[in-house]
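Written out below as structure tokens is the structure these notes cover.
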Amino acid sequence: MSSFRHRNMRARAHRALVIAFIVSAASGCASGQRAQREREVATLRTQVEELKAGQQQSARELGRLTGEIKALDAQSAFLVAETKSMSESFARVRTSLEDSGKAIRELQSSVEELRKPAPAAVPPPAPTRPPPPSPAADASPEQIFAAAMASFQAEEHGQAVLEWNELTKRFPEDPLASNAQYWIGEAYYRQRDFPQALVEFRKVIDGYPKSSQVPETLLKIGLCHRALKDAARARETWEQLAKDYPGSNAALQARSLLSASAPSSRPAR
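Heads up: the sequence shown runs through residues 195 to 463, numbered per the numbering used here.
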């Protein structure tokens with residue numbers, strides 16, 4: 195009986211030890227699982243922080259790229275506007291060059307006329323062949339002017355002067371009178387009688403100050419002064435022309451003549 199109780203007590207003690215071991219093992223396992231979960235949570239938190247940092251970096255990069263794109267758009271718009279402005283400026287310069295080229299060609303023709311040697315004495319122009327018939331006494335201003343121009347083109351300058359003089363005397367108030375007076379000066383200019391040409395051209399300025407021939411007349415007066423070696427009065431006349439009639443073709447030629455005759459700014463050696 196005593197032996198039975200002894201065995202029973204041993205069995206209970208064994209069970210108690212087994213239970214204690216199981217409880218201890220279970221407790222240790224639960225503690226390990228908790229630590230593992232904590233490590234996983236910490237890892238996830240780290241990854242979340244890294245993702246947040248990456249998103250912030252991406253947002254900053256996106257902002258930078260957006261700013262650069264806006265700057266490029268603004269620069270592109272500026273370049274387009276600048277290109278348009280340059281194209282318009284080029285067109286204006288090209289037109290100005292074409293006008294200047296025309297003026298230069300006309301000036302070259304005038305210069306060639308001036309380079310021809312002047313005769314020792316220039317008598318009043320005389321016809322070298324039978325002149326065209328004079329206009330009838332009842333001829334209109336247009337008929338007289340046309341007859342004079344025909345004589346001029348035939349190089350019968352003396353006859354042309356007589357006919358234009360007749361027009362200015364018979365029809366002093368007619369619009370063609372100022373044209374006739376200009377061409378009288380032109381006839382003497384073609385004959386290189388520059389003093390008489392000056393006299394006749396000045397009659398246009400004095401007698402017909404509102405005539406459309408005034409700008410061209412001032413240009414020719416300046417050329418007469420230059421041919422007579424009076425450079426100062428030539429410049430003065432052309433400056434007046436450029437100031438009073440700035441939009442005329444004669445003013446464009448006058449400015450070219452002024453530029454060509456301007457004294458050199460280089461110091462003498």
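Positions of the beta carbon are idealized from the N, C-alpha and C atoms, including for glycine.
Delimiting residues of the alpha helix (DSSP H) encompassing residue i
i	result
Q447	N443 to S455
L412	V408 to A421
Q385	No alpha helix (DSSP H) holds Q385; DSSP gives it neither H nor E.
K363	H351 to R364
E163	Outside the displayed span of the chain (195 to 463) sits residue 163, for which this structure offers no information.
D438	A425 to D438
C-beta contact flag for residue i and residue j at 8 Å
i	j	result
E415	L392	For the record, residue 415 in the displayed sequence is Ile; it is not Glu. Yes, Cβ-Cβ distance for I415 and L392 is below 8 Å.
L417	Q434	no
A342	A354	yes
Q347	T362	no
P389	D368	no
V398	Q407	yes
S345	E357	yes
A456	W432	no
E410	A444	yes
Sequence-distant residues of the same chain with beta carbon closer than 6 Å to residue i, five excluded per side
i	result
Y402	S372
P366	none
H419	R427 and A428
A205	none
Residues of its chain near residue i, where Cβ-Cβ distance is below 8 Å and the 5 sequence neighbours each way are ignored
i	result
D424	none
L452	R429, W432, E433 and A436
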